[in-house]
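Q: Protein chains in written order, with my numbering: chain Z, 27 to 162; chain H, 27 to 162.
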DNA sequence: CGCTACTTGCGAAGACCTCGCAGAAAGTGC
DNA sequence: GCACTTTCTGCGAGGTCTTCGCAAGTAGCG
């Protein structure tokens, strides 16, 4: 796993802040910069919000995390390993559900064939109403 | 078409600003509040940004326009009549292409069947790379 | 151990959106 | 056509979220 080296391998320095931001994103699944900062503060109270923003950006540049806009204002970040499923955002309760990429395979193929549009499935936010809210 | 009455019918007053905001959204297809304001200023220079925001909100409440988040920061608005197609947002050039809803019919059905998730196709932004940028 | 380049913390600045208020205007009845 | 009530507009203040510049700190390397 060589956890220690994955950042170095990308040409980045190994600072406590950087590691914490990355592990926060991984453990949270998907989170806003604010939430990441909050998580990091549990073990490193002095971290600055700017640092979180900058590290998220840096980590995104080397492909370890990625961001999406799940509907409302801010961006949410998730780890690259997490990108194997779609995000189903519920407009009513705000929850974020998951579905395997396969569910969209057909659709993606359609768009590629008919419009030459190469859908980025990993950067995919789907808006609608979740099962729980539909019942209400 | 009784253009004059569609606002009145919804219980709204017929102000020049309101009409202009609505027609700006319609002629722009999809636009940010800022872009709407700019368009309106062509015929009504004095309009205030707050007024644009408030009218967009009001028009959304009565169902004449709707907003989506097409990826980056701000919301974009479009007329209700325009909601018969999907929006294909290109991450490279930022263009917004269209595709008929049918292209997603399969996909929507999948999600409904397998996850009970009721996808809101009209509020749907799809991220990827457009044909033009794929070639580059 | 010392040097260089990259990072952090901090405060300021900027973008974007919302809110409250007073004056103006639309719609209504006479 | 006129006065009245209610809604809307313009304006400025206030908030939130994000970015930026700078000086001090520290990781990595010989």
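All C-beta atoms, glycine included, are put in the ideal place defined by N, C-alpha and C.
These numbers come from a predicted model, not from an experiment.
Residues in the same chain with beta-carbon distance under 6 angstroms from residue 149 (chain Z), minus the five sequence neighbours each way, listed in chain order, please.
A: So the list reads 94, once near-sequence residues are dropped.
Q: Can you tell me whether residue 46 (chain H) is buried or exposed, with buried defined as 16 or more other CB within 10 angstroms of its CB?
A: That one is buried.
Q: Please state whether the Cβ-Cβ distance between residue 55 (chain H) and residue 116 (chain H) is less than 8 angstroms.
A: Not closer than 8 angstroms, so no.
Q: Please return the same chain residues whose Cβ sits closer than 7 angstroms to the Cβ of residue 86 (chain Z), not counting the five positions on each side in sequence.
A: So the qualifying residues of the chain are 92, 93.
Q: Which residues in chain Z sit within 9 angstroms of residue 35 (chain H), going by Cβ to Cβ distance?
A: Chain Z residues near residue 35 (chain H): none, gap ~26 angstroms exceeds 9 angstroms.
Q: Could you check the C-alpha separation between residue 164 (chain H) and residue 60 (chain H) for me, to the nearest Å?
A: Residue numbering for chain H in the displayed model covers 27 to 162; residue 164 (chain H) lies beyond these limits and cannot be assessed.
Q: Count Cβ pairs between the segment 33 to 45 of chain H and the segment 70 to 90 of chain H that sit closer than 8 angstroms; are there 3 or more?
A: Cβ pair count under 8 angstroms is three or more, so yes.
Q: Among residues of its own chain, excluding the 5 on either side of residue 144 (chain Z), which ones have a beta-carbon nearer than 7 angstroms to its beta-carbon?
A: Cβ within range, chain order: 138.
Q: Which residues in the same chain as residue 102 (chain Z) place their Cβ atom closer than 7 angstroms to its Cβ, once the five residues preceding and following it in sequence are excluded?
A: If we look at residue 102 (chain Z) and ignore the five residues flanking it on each side, its Cβ neighbours are 56, 57, 58, 93, 94, 96.
Q: In the DSSP assignment, the beta strand (DSSP E) including residue 125 (chain H) goes from what residue to what residue?
A: Per DSSP, residue 125 (chain H) belongs to the beta strand (DSSP E) from 122 to 126.
Q: Just the C-alpha distance for residue 64 (chain H) and residue 121 (chain H), rounded to the nearest angstrom, thanks.
A: Residue 64 (chain H) and residue 121 (chain H): Cα-Cα distance of roughly 19 angstroms.
Q: Using a threshold of 8 angstroms, state whether the C-beta atoms of residue 72 (chain H) and residue 157 (chain Z) are closer than that.
A: Not in contact: residue 72 (chain H) and residue 157 (chain Z) (Cβ atoms no closer than 8 angstroms).
Q: Confirm, please, whether the CB-CB distance from residue 81 (chain Z) to residue 44 (chain Z) is below 8 angstroms.
A: Yes; because the gap between Cβ atoms is below 8 angstroms, this pair is in contact.
Q: Please identify the residue among H:161, H:68, H:118 whose C-alpha is closest to the C-alpha of residue 98 (chain H).
A: Ranking H:161, H:68, H:118 by Cα distance to residue 98 (chain H) puts H:118 first.
Q: Could you work out which residue in H:105, H:151, H:104, H:140 is closest to residue 127 (chain H) when comparing CA atoms only?
A: The shortest C-alpha separation from residue 127 (chain H) is found at H:151.
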